[in-house]
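Using our numbering, you'd call the opening residue of the sequence shown number 70 and step up by one each time. All C-beta atoms, glycine included, are put in the ideal place defined by N, C-alpha and C.
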Amino acid sequence: MAPTPNTHLTDSRAGDGPPARRRVCFTMNLRPERVDDYLAAHEHVWPEMLDALRAAGWHNYSLFLRRRDGLVVGYLETDDFDRAVAEMDATDVNARWQSSMAEYFTDPAGRGPDQTLERLTDYFHLD
C-alpha cells in the first residue's frame, strides 16, 4: 500500500482563526573545543534577549546539541519566521548577543551565528 501524502507539513493546528504557528528547525555549527563555554553562556541568557525573542514571535524555542562535533539544532514555532528574524535583527540586544556568541561558532566567512543558520525542511509531523 502506498503511503498517503502528508498535507499538514508545517501547520501546527488546523481550522479557522489566527494563522497557525509554523514549526521551524535549523542547524548551526559550534567549534567543538568551545562547546562547554557556549553551554555556560546559555545558563544565563540575558532577560532582555529573552524578552526580545518573545516580542518578535519566537515561541517554544529550544536548542539541542550533538557534542561530538558541535552541531546545534534549533527548533521554534512562529507565525512568520522571516518576520521574526527581521524583528530580532532590528534589536540592539540581538546585535550584542550575536557578537558575544560569534567566537563559539565556525564560519569561514566571519558571519554572525544568526547569519549561518541552515533551515531544515519539515517533511513529516505526527500530533
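If you count every other CB in all the chains shown that lies within 10 Å of the CB of P88, and 16 or more means buried, which is it?
P88 counts as exposed, since fewer than 16 other C-beta atoms from the protein chains shown sit within 10 angstroms of its C-beta.
According to DSSP, simplified to helix, strand and coil, what is Y192?
Coil.
According to DSSP, residues forming a beta bridge with M97
Answer is V141.
Please classify G179: is it buried, with 16 or more other beta-carbons within 10 angstroms of its beta-carbon, or exposed?
So G179 ends up on the exposed side.
For a quick check, are the C-beta atoms of T162 and M118 less than 9 Å apart?
Checking the sequence, you will find Val at residue 162 rather than Thr. Closer than 9 Å, so yes.
Residue nearest to L134 in terms of C-alpha spacing, selected from A125, Y144, D149 and E172:
Taking L134 as reference, the option from A125, Y144, D149 and E172 with the minimal CA-CA separation is Y144.
Against chain C, does M157 count as a neighbour if the rule is that its beta carbon must be under 9 Å from one of theirs?
Judged by its chain identifiers, the structure shown contains no chain C, having just a single protein chain.
Would a C-beta distance cut-off of 9 Å place R103 and Y192 closer than the cut-off?
Cβ distance not < 9 Å, so R103 and Y192 don't count as in contact.
Can you find the residues in the same chain that come closer than 6 Å, C-beta to C-beta, to T175, ignoring five residues on each side of it along the sequence?
When the five nearest sequence neighbours on each side are left out, the beta carbons in the same chain lying within less than 6 Å of the beta carbon of T175 are those of N98 and R100, in order along the chain.
Residues near E156 in its chain [Cβ-Cβ closer than 6 Å; skip 5 each side]:
Excluding sequence neighbours, E156 sits near A125.
Distance check for G181 and T147, CA to CA, integer angstroms please.
The alpha-carbon atoms of T147 and G181 are separated by roughly 22 Å.
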